[in-house]
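What follows is a single structure, written as structure tokens, with notes after it.
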Amino acid sequence: MVVVTMKQLLESGVHFGHQTRRWNPKMKRFIFGERSGIYIIDLEQTLDLLERAHAFARNVAERGGTVMFVGTKKQCQDSVREQAIRAGMPYVSHRWLGGLLTNWSTISLRIRRLHELRAQKAGGQLELLPTRERLAAMAELVKLEANLGGVAEMQRRPDAVVIVDLRKEAIGVREANRLGIPVIGLVDTNCDPDEASYVIPGNDDAIRSCSLVLSVIADGIREGKGLDPQGGYEEARAAAAAARAAGDPDAARAERDAARPAADEVAAVEQADAAVAMAAAEVVQEAEADLVAAVEVAEAAGVAGQVAVGPAAAGEVDTTVEVADAEGVLEEAASDLAAEAMAEEIVAEAIISEEEHS
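Each residue of the sequence shown is one higher than the last, beginning at 44 in the numbering used here.
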């Protein structure tokens, strides 16, 4: 069964690795070559290994297991959240809490606290509290939603984890390996493939690359759960494209409609985001109404000066790019400029090669 095509991998830029001076020698066996100072990943191996990871994810779902999606870098946060929700699985897209796997007993207590605060907010009990206590509770809720909202429904440790960028998520990788939890990893040329149980060699910095790989894994999970045979709206889009090629006058509109996720899937994503956004907005409103009390609450909680300036600080929601990552971002931008110059050429060569073989 074909879960993804070579053309899709090429068009998503999965084959672009890092600059040749930034690599891990253990990735040598997955590298096809080098162009303009950038490593090109062997997509034939990527295709085979992605199908293997898809099959593993499907088998885990068939057994009723849980697959956690992990990716906290900005390029993949949205894809991690959307595909995990689509697959009905937990996810971590804000930051990895140390001990999330190895200290599950403590983490489960914090999850229980999150549910308590959610229930109190929904029932209106928080509104009955004095201003200071209400602000403290809302700040705690925002913090817990950001850090644990994606795993709030997880009752036990996951049976497998899907991780984007093994270097960025080094703590999570170590915890999973220590506990013997299989790791499905999107592994770029600067990572150690030995840290992943199921290696998917590919670009872990491009949004489209991360989205494609995660969608394939989510498709496998949905198939294992019996939700759809090939991947939901991706399959509908392919069918609409075939109808247009056959001359159906209404097919173009059908293809555009099919390209959009189902309404319930979109609603689920929006609802997950809205919970944090609404709580954060309330913290701001309360802080503006009583600035002095808000500052005192922040000092008591150890986040002095943060509630007064906005919800992101109050909930420790990281909305800035860390300085430590700035150099890497600049290097990746320079790499992308060179990558774009060769992208069309490589895609054209691949299409010509496919036509010759067919």
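Where a beta carbon is used, it is the ideal one built from N, C-alpha and C, also for glycine.
Separation of residue j from residue i, as counted between CA atoms
i: aspartate 247; j: tryptophan 66; result: 13 Å
i: glutamine 51; j: methionine 197; result: 33 Å
i: glycine 167; j: leucine 191; result: 22 Å
i: isoleucine 243; j: arginine 177; result: 46 Å
i: valine 185; j: leucine 171; result: 18 Å
i: aspartate 235; j: arginine 72; result: 12 Å
i: leucine 270; j: methionine 111; result: 18 Å
i: methionine 181; j: isoleucine 224; result: 34 Å
i: alanine 98; j: valine 45; result: 11 Å
i: isoleucine 214; j: threonine 174; result: 38 Å
i: asparagine 233; j: methionine 70; result: 8 Å
i: glutamate 183; j: tyrosine 241; result: 37 Å
i: glycine 142; j: glycine 193; result: 16 Å
i: aspartate 85; j: leucine 152; result: 44 Å
Residue i burial status per 10 Å Cβ neighbour count (16 or more: buried)
i: aspartate 231; result: buried
i: glycine 114; result: buried
i: asparagine 102; result: exposed
i: arginine 106; result: exposed
i: arginine 129; result: buried
i: alanine 68; result: The sequence shown places proline at residue 68, rather than the alanine named in the question. Proline 68 should be labelled exposed.
Residues bridged to residue i (per DSSP)
i: arginine 78; result: Ile81
i: glycine 60; result: According to DSSP, which records beta bridges pairwise, glycine 60 is partnered with nothing at all.
i: proline 244; result: Val230
i: phenylalanine 73; result: Per DSSP, none; premise fails for phenylalanine 73.
i: phenylalanine 112; result: Tyr134 and Val205
Check whether residue i and residue j have beta carbons under 9 Å apart
i: threonine 109; j: aspartate 202; result: yes
i: serine 136; j: glutamine 120; result: yes
i: serine 55; j: arginine 251; result: yes
i: glutamate 125; j: leucine 157; result: no
i: alanine 104; j: isoleucine 264; result: yes
i: valine 207; j: valine 216; result: no
i: valine 259; j: alanine 127; result: no
i: glycine 245; j: valine 57; result: yes
i: isoleucine 81; j: phenylalanine 75; result: no
Nearest neighbour of residue i, chosen from the options [CA to CA]
i: arginine 161; options: Gly107, Glu218 and Ala195; result: Ala195
i: valine 123; options: Ser79, Val204, Thr89 and Ala179; result: Val204
i: isoleucine 154; options: Val226, Ile128, Ala127 and Arg199; result: Arg199
i: lysine 268; options: Gly131, Leu93 and Ile83; result: Gly131
i: arginine 210; options: Trp139, Ser151, Ser254 and Glu87; result: Trp139
i: leucine 257; options: Leu86, Tyr82, Leu93 and Gly142; result: Leu93
i: glutamate 218; options: Phe59, Leu144 and Ala179; result: Leu144
i: leucine 229; options: Thr63, Arg221, Gln62 and Lys116; result: Lys116
i: glutamate 87; options: Glu159, Leu53 and Leu169; result: Leu53
Distance cut-off 8 Å: residue i Cβ against heavy atoms of the ligand FAD
i: glutamine 120; result: This structure lacks the ligand FAD; in fact it carries no ligand of any kind.
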